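Numbering (this note's numbering), first residue to last: 81 to 315. Just so you know, even glycine gets a beta-carbon here, dropped at the ideal spot from N, CA and C. Given the structure is predicted, the values throughout are model-derived calculations rather than measurements.
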Amino acid sequence: MLVSPEMMMNPSPPPQEVLDQQWLWKTLLAGFAFVFLLQLVSFDIAGALLTGLLLGFGWIMLRDGMAEMPKYALIYAVLCGLNFFFDLLPLVSELSGRVTRRTELATPPIVVNGTIMTTYTIATKTTSFFDLSLGLTYNAESLSMILAPLCMALGTYLSAVAHKEMQRLMPFYENEWEDPQMTAMPALAQENRQTAAIRNAVRSANFDHQSAPDSASSARDTLIHFTGAAHKLDT
């Protein structure tokens, strides 16, 4: 299970070890915000959506003294890890030079045996990773390709460490977050049993008290009176 039920119902600040890394979390969010702007400038809409999602997710985890961190640390680590993998692949393949491809019309359309035939050529051009002559959009995309995996790696590390620390202290949090009503149920059941025992004892005493006069009167009714001649005993 990714999220503990106790964590879902009882938000609580993370351990002190995680709170000490709050400045790193703020640095991570600043990096995500910068990458988000670069991706907008370079018209990388899909990348901007993913980065914006992680940025908003991270802000939710940091608000209210990082009270939401226990809920989402592991999920955030998984998301950052997946994005790191998919951002690293194109970066590695294009560090030696970015390859751009352009499709051009080679010959005008011609009709051969009633079929229109058109010839295209694909022009491949390799440029340096940064090239000021190619404009702001090109260089912004190159910079975002470098910063995005770094931010994803930092996010994976911070959230994994936070989840590990909270798992280590999980017994403490479970005792602290235990529902007071659930804690009081055994005592309440014991009190109910004692009350029932006292009630039964009172009922039994009342029954004995009511049955005692009836037993005495029935004993008197069964006595046989003496009807013979009386005699005086000599002393």
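- Contact annotation, A128 with F116: C-beta distance approximately 6 Å; criterion of less than 8 Å satisfied.
- In this structure, E221 sits away from E97, with a CB-CB distance that is not shorter than 8 Å.
- In the three-state scheme derived from DSSP, where H, G and I count as helix and E and B as strand, L171 is classed as helix.
- Bounds of the alpha helix (DSSP H) holding L129 are 125-146.
- Looking only at L171, L185, F165, the smallest Cα-Cα distance to V179 is reached by L171.
- Pairing I226 with G215, the inter-Cα distance amounts to about 18 Å.
- Closest in alpha carbon position to G177, among T207, E148, Y200, D167, is T207.
- For L108, same chain residues with a beta-carbon under 8 Å away, outside a window of 5 residues either side, are G138, C231, L234, G235, L238 in chain order.
- Leaving aside the five residues that flank T183 on each side, the residues in its chain whose CB is nearer than 8 Å to its CB run, in chain order, Y200, T201, I202, A203.
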